[in-house]
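The numbering used here numbers the first residue of the sequence shown as 2 and each following residue consecutively.
Beta carbons: idealized from backbone N, C-alpha and C, even for Gly.
All values derive from a computational prediction rather than experimental measurement.
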Amino acid sequence: MTPILRYFAYEHLPEHLQEVSRPFAELARHLADTLPAGPETSTALRKLLESKDAAVRAALDT
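What follows is the structure, given as structure tokens:
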């Protein structure tokens, strides 16, 4: 398993935040499973994590 994937876990979040986080986790898993390991894949996953974090923070304001 790619170590960064642990940061996409969402089961511990309240339900309304799980709904925001879940699609990012699914996409992260898909990318990790289908792209070759390497710096570009790592960058894609890192930037997706940044995006997920921002989306979850935005949902905190609702």
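(message) Considering just the uninterrupted stretch of the alpha helix (DSSP H) at Ala-10, what are its terminal residues?
(response) Counting along the chain, Ala-10 falls outside any alpha helix (DSSP H), and DSSP gives it neither H nor E.
(message) Please report the distance separating the alpha-carbon of His-13 from that of Pro-4.
(response) 18 Å
(request) Note down the Cα distance separating Arg-30 from Leu-50, rounded to an integer number of angstroms. (result) 12 Å
(message) Let's test the definition: count the other Cβ atoms within 10 Å of the Cβ of Lys-53 and tell me whether it reaches 16, buried, or not, exposed.
(response) buried
(request) Label Leu-36 either buried or exposed according to how many other C-beta atoms from any shown protein chain fall within 10 Å of its C-beta, with 16 as the threshold for buried. (result) exposed
(message) Is the beta carbon of Tyr-11 closer than 7 Å to that of Ala-26?
(response) yes
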